[in-house]
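Worksheet: the structure to be examined is printed underneath.
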Amino acid sequence: MMSDSFETAHGDPHKNSTRDAVLIPVKAFDAAKERLAPVLDRDERIKLAHLLAKGVLQAASPLPVAVVCDDADVAQWATDNNAIVVWAPGRGLNVAVESGVAHLEALGFEQITVCHADLPYPKGLTSLPRLQGVTLVPDRHGDGTNIIVLPREAGFRFSYGKGSFDRHIEEVKRLGFELHIIQDDDLGLDIDIPEDFALLDAQTRQWGPEGPH
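Per my numbering, the sequence shown runs over residues 126 to 338.
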């Protein structure tokens, strides 16, 4: 289940002079956000996962977007939202992201932004400066890595999970790339645990039918 063409969904790719693309790994919606179970029931968690992922996808516009996944419903959702689908069943997050990056490189993209699907305030995604080397945006705790921007054929070894930010810094150093770290309150907020959701709720003042604002 892999889409090899982005011309129909996103127009002529040659009109994108920067040849950039965004890669979003998306977990099965019905299995997402389980750590929010103390504050949200299953249906609410599914709804939140949908809303957050769609917000990130929309924030990536007008750049071409690829969704890497191993769930048929997510793949259909990505197709319905005009995204490239990179099918990576049962491979784990790190290998799945590597597959997605390789797929976009094969399509000719020169710079790839990897962004998690659970950022409630992703509007600054495409405003990140286009810098030489690798750019990292940590989560608000300085522990995880919410966004990685890297050049094609970087050979980057992804190492998501607890403490990923420090490991990704070491990976940039290993590869010899110039390292850029961008601290951003909005892009640094991801929704994983009840404390994150409480912060989101306090900032938005509502979480109704339209979802996070």
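Every residue, glycine too, gets a C-beta built ideally from N, C-alpha and C.
Taking just the CA atoms, how far does Asp317 sit from Arg160? Residue numbering aside, residue 160 sits at position 35 when the sequence shown is read from its first letter. Residue numbering aside, residue 317 sits at position 192 when the sequence shown is read from its first letter. If you draw a straight line from the Cα of Arg160 to the Cα of Asp317, it is about 7 Å long.
With His305 as the anchor, note down where its beta strand (DSSP E) starts and where it stops. Here residue 305 corresponds to residue number 180 of the sequence shown, with the count starting at 1. Its beta strand (DSSP E) spans residues Leu304 to Ile306.
If we ignore side chains and look at the alpha-carbon of each, how far apart do Leu342 and Leu232 end up? Because the chain here runs from 126 to 338, residue 342 falls outside it and cannot be looked at.
For Ala191, does the three-state DSSP call read helix, strand or coil? Position 66 of the sequence shown, counted from the first residue, corresponds to residue 191. Here DSSP, grouped into helix, strand and coil, assigns Ala191 to strand.
Keeping to the same chain, check which residues put their C-beta closer than 6 Å to that of Ala134; ignore five residues upstream and five downstream. Within the sequence shown, the letter at position 9 stands for residue 134. Caution applies to Ala134, whose pLDDT of 32 falls short of 50 and renders its modelled position unreliable; the model cannot decide the point.
Return the CA-CA distance between Leu275 and Cys240, expressed in angstroms with no decimal places. Position 150 of the sequence shown holds residue 275. Position 115 of the sequence shown holds residue 240. For Leu275 and Cys240, the distance between alpha carbons rounds to 11 Å.
Count the other C-beta atoms from every protein chain shown that fall within 10 angstroms of the C-beta of Val262, then say buried if there are 16 or more, exposed otherwise. In the sequence shown, the residue the question calls residue 262 occupies position 137. The residue is buried, with at least 16 neighbouring Cβ atoms inside 10 Å.
Can you list, in chain order, the stretches of the alpha helix (DSSP H) that have 4 or more residues and sit fully within the region 253-299? With a minimum length of 4 residues, no continuous alpha helix (DSSP H) run stays inside the region 253-299.
Nearest-angstrom Cα distance between Asn219 and Phe283? Looking up residue 219 in the sequence shown gives position 94. Looking up residue 283 in the sequence shown gives position 158. Taking the Cα positions, Asn219 is about 5 Å away from Phe283.
For the putative contact between Asp155 and Phe234, defined by C-beta atoms under 8 Å, what is the C-beta separation to the nearest angstrom? The residue you call residue 155 lines up with position 30 of the sequence shown. The residue you call residue 234 lines up with position 109 of the sequence shown. Rounded, the Cβ-Cβ distance is 31 Å, inconsistent with contact.
Quick check on Met126: does DSSP put it in helix, strand or coil? Counting from 1 along the sequence shown, the entry for residue 126 is found at position 1. At Met126, the pLDDT of 36 sits below 50, so the modelled position is not reliable; the number obtained from the coordinates is stated separately. When secondary structure is reduced to three states using DSSP, Met126 falls in the coil class, being assigned neither helix nor strand.
On the CB-based measure, 16 or more other CB atoms within 10 Å of its CB, does Pro187 come out buried or exposed? Mapped onto the sequence shown, residue 187 falls at position 62. Here Pro187 is exposed: its Cβ has fewer than 16 other Cβ atoms, across all protein chains shown, within 10 Å.
Proximity to Leu253 [Cα-Cα], best of Gly180, Ile237 and Gly217: Position 128 of the sequence shown holds residue 253. Per the C-alpha coordinates, the member of Gly180, Ile237 and Gly217 positioned closest to Leu253 is Ile237.
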